[in-house]
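Everything on this sheet refers to the single structure shown next.
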Amino acid sequence: MFNNRLRWFILGWLFIITLVSYMDRVNLSVAVPLIMKEFHLNASQIGVVISGLTIGYTIMNFPGGFLADRFSPKWILVIALILWSLLTIATGLAWSFASLFIIRILFGASEGPLGPCNTKIVSQWMLPRERGTASGLWLSAMTLGMVVGAPLSAYIIHSYGWRSVFYIFGVGGIGLALLTTYLLQSKPEEHPWIDKHELAVIREHNYPEKMSVQKESSGKLLLAVFSSPLAWLLALTYFGLTALYWANVGWLPTYFVKARGSNILSSGLYSALPYFSASLGPVIIGALSDRLFKGWRSPLLITVSIITVPFVFIAVNAAQLETSLIAFCLAAFFDFAGIGLMWALSLELFPKERVAAASGFMLMWGSAAGILSPIITGVILQNTGSFNHAYYAFAIAALFSAILAVGLLLREKELRNLKGLTGAQAGVSGS
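Letter 169 of the sequence shown, counting from 1, is numbered 169 in this note's numbering, and no numbers are missing.
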C-alpha cells in the first residue's frame, strides 16, 4: 500500500499527534492577556500558571518513558491523547487562579509520555541512517504547532472569546485519538499494512545486534538510567537548551504585546514567525547530521548552541521590530536544531530496550527548565518591567549546553570507535 514506505507514514502520524499537542499548549499563551484581566492576575501569578503545565509534564516524562519501554507505546500515546484533550476542554471551564493552575498541571502530566513514546516508536520503525531526519521531523511539529496554533488561537479568541479556543481544540484531539487506534502500531511486525520487503529491511538494520537481549526487569531498567553518567550529561545539556524554548512558549506572544506594543491578533502572528523558523531547524540540521556529517550529532550540537547566544541578545535589544523578529527567528532556528540533535543522540547512545526511559529522563530535565523559565521571566518582568535580563539568562544557558556537549562528543566518538561503525550505521548500544 505504501510501496515500502510505511515507516514514513508512521512518522508522519507521530508528526500530526505532536502538532496537535503543541497547538493545545500555545493557545494558553495567546490567551494570557485576557486571562490576566478576567482573573485579576499579575505577571508572577500567570508565570506560575504557565509553569503548571510543565510541572505536570516533568512529573510524567520519566514514568511515561518507563511505561513505553515496558508496555505498548501506541496505547500509552492513545490514552495520553484522550486525557490531554479532555483537560484542554477543562481549561476553558476554569474559574480562578487555583482551578486554572491545577488543570494545567494535570494537562501537562497527560502530555508527559508523548516524547518518549515517539522516540520508542521511531527506534522500532526507522533505520539508523534515517534517525536524525526522523527525530527532526517529528520534533518540528512542536514549533509548527505554534505556527498554526498561535494565529489560529488568536483568531478564535478574537472572534469568540478565550474559552472557546480550548473547547474547539479539545474536541479535535479526541477525534485524533480515535484515528490513532486504527492507524498506528508500536512495531512494524504488528501493522497489517507492512510490506514484507520493508519489514525485512527494518529487521536487518535495527535488530541483529540486539536479538539476544532479554527484556530487563523494572528495577534494573530504573537503575541503569539513574546511575548512568551519560544519561545525566544528556539531561543537563538538554536542560540548558530548552530554557529559551520554554520561555518563548510561555511568553513570546505577551512579549510582543508588552515590549513591542502589539495587539492580541498581531502578537499571535508575530510569534508564529520564530516558531516556523524553529520548526525548520531540527529538520535541516538533522538531515545534515545524517548525510553530510555521516551520523555525527554532537559536533553540530556544539555549533548550533553557540550560534544561538548572540541572536538572543540582538532580539531583545534591537530598536526595530523587524530586526527583533529576524533575531528571534534565527535564535529559535539554532536552539531548536540543537534540541532535535539531542533526541537523535538519545537513540544512538542507548540500547533500544532503554531508549524511551533514557529519553524520558532527558525530557524530564528539559521540562524542569520549562517550570523555571516562565516563572523567572514573570518575576523579572514584574520587578524590572523588562524581558531583557530573563533572555540574557537563557542565552547563557545555551552556552552552558555547548560546553557540556563536549562530553557527549567524546562519548559519541568512543562508542563509534568501539563498534567500528560508519556514521549511517551508528546505532550504538551503550549506557
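Glycine included, C-beta positions come from ideal geometry on N, C-alpha and C.
Take Leu234 and list the residues in its own chain whose beta-carbon comes closer than 6 Å to its own, dropping the five residues that flank it on each side.
Correct list, in chain order: Met362.
Are Met342 and Asn61 closer than 8 Å when you measure CB to CB?
Annotated as distal: Met342 and Asn61, with beta-carbon spacing of 8 Å or more.
Asn42 versus Ser159 - alpha carbon distance:
25 Å
Near Met36, what residues of its chain come up, given a Cβ to Cβ distance below 6 Å and the 5 sequence neighbours on each side ignored?
Contacts found: Ile46.
Are the CB atoms of Leu345 and Leu273 within a distance shorter than 8 Å?
Result no, Cβ atoms of Leu273 and Leu345 do not sit closer than 8 Å.
From which residue to which residue does the alpha helix (DSSP H) around Phe293 run?
Annotation for Phe293: no alpha helix (DSSP H) segment contains it, and DSSP assigns it neither H nor E.
Helix, strand or coil: how does DSSP classify Cys329 here?
helix
CB contact below 8 Å: Leu114 versus chain C:
Protein chains in the displayed structure number just one, and chain C is not present.
Just verifying my parser: in three-state terms, what is the DSSP assignment at Ala259?
Coil.
Selection from Ala224, Ser367, Thr181, Ser359 that minimises the alpha carbon distance to Gly250:
Ser367
Unbroken alpha helix (DSSP H) run spanning Asp24, endpoints:
6 to 39
Measure the Cβ-Cβ separation of Gly145 and Val26 and say whether it is below 8 Å.
yes
On the three-state DSSP scale, how would you describe Ile194?
coil
Can you look up Ser140 in the DSSP assignment and give me helix, strand or coil?
helix
Run of the alpha helix (DSSP H) containing Val364, from where it starts to where it stops:
Looking at the sequence provided, one finds Met at residue 364 rather than Val. Here the alpha helix (DSSP H) through Met364 covers 355 to 384.
Could you tell me the alpha carbon to alpha carbon distance between Phe334 and Ala356, rounded to whole angstroms?
25 Å
Meets three-Cβ-pair contact criterion under 8 Å: the segment 314 to 333 and the segment 108 to 127
no
Please report the straight-line C-alpha distance between Met142 and Ala332, rounded to a whole angstrom.
About 12 Å.
In or out: Ala138 buried (at least 16 other Cβ within 10 Å) or exposed?
The sequence given here has Trp at residue 138, not Ala. Counting Cβ neighbours within 10 Å, Trp138 comes out buried, since at least 16 surround it.
The segment 180 to 189 in contact with the segment 119 to 129 per 3-pair CB rule at 8 Å:
yes
Can you list, in chain order, the residues of its chain whose CB lies under 8 Å from that of Leu404, leaving out five sequence neighbours each side?
Leu233, Leu236, Thr237, Gly240
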